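Read through the structure below, which is laid out as structure tokens, and then see the notes.
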Amino acid sequence: MAAIRVLVGSVYGGALLTARKIREELEADGHQVVVLENPQVDDITDNDDALLVCTSTTGQGEIPANLLPFYLGLREQLPQQPGRPFGVIVLGDSSYGDTFCGAGNLIEEAFYETGARKVGDSLRVDALETMEPETEAVPWAKNWVNGI
């Protein structure tokens with residue numbers, strides 16, 4: 001079974017609730033899952049767990065304040081993570097056009113710079129179509145974990 005760290009970026013709590021539901025379901029399947037509400041770069045450099053980012057997008061495609069220190073640290077410190085599996089679930093609103101789910105794009109780019117390996121396609125959940133993001137995120141995460 002896999003060991004997974006879920007890095008959460010949340011403004012109003014939707015991404016956090018989604019991450020907690022993912023943890024509950026993956027733990028029921030026998031995986032070890034830690035949800036980090038205010039992740040720091042040190043949270044990923046002291047282990048080799050698979051990384052799953054579950055974040056909302058704020059403003060014009062920006063990363064939520066609680067995930068921003070992690071993102072900036074990742075960009076500045078560039079801790080090498082060659083081959084480390086990661087995945088991204090990003091919540092957004094397609095009415096924002098070009099910046100829809102922009103936080104996910106930023107996180108992906110930062111992980112690529114560390115040499116991490118993306119597993120599968122990112123899940124982009126549109127608030128205009130899905131009121132409960134966990135209904136899409138949990139099945140996606142169960143499939144994602146099979147690829148790590």
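Residue numbers are given in UniProt numbering: position 30 of the sequence shown equals residue 30, and the series is strictly consecutive.
Cβ coordinates follow ideal geometry from the N, Cα and C atoms, glycine included.
These figures come from a predicted structure and were not determined experimentally.
When the options are compared against residue i, the one with the closest alpha-carbon
i	options	result
E76	L68, V33 and N105	L68
P82	F111, L123 and A127	F111
V35	T45, V6 and D29	V6
G61	L91, D46 and I44	L91
L74	D48, D93 and P39	P39
I22	N146, G147, W140 and I148	W140
F107	E25, S56 and R20	The sequence given here places Ile at residue 107; Phe does not occur at that position. Measuring from the Cα of I107, the nearest candidate turns out to be S56.
7 Å Cβ cutoff met for residue i and residue j
i	j	result
I4	C54	no
A50	P85	yes
S8	A15	The amino acid occupying residue 8 in the given sequence is Val; Ser does not appear at that position. Yes, the pair counts as a contact, with Cβ atoms nearer than the cut-off.
T18	A116	no
P133	V125	yes
Local Cβ density within 10 Å of residue i, reported as buried at 16 or more and exposed below that
i	result
N66	buried
S10	buried
L128	exposed
T135	exposed
G59	exposed
Y71	buried
May I have a chain-ordered list of the beta strand (DSSP E) segments no shorter than 3 residues that lie completely inside the UniProt domain "Flavodoxin-like" (4-145)?
-> 32-36, 50-56, 85-92 and 123-126
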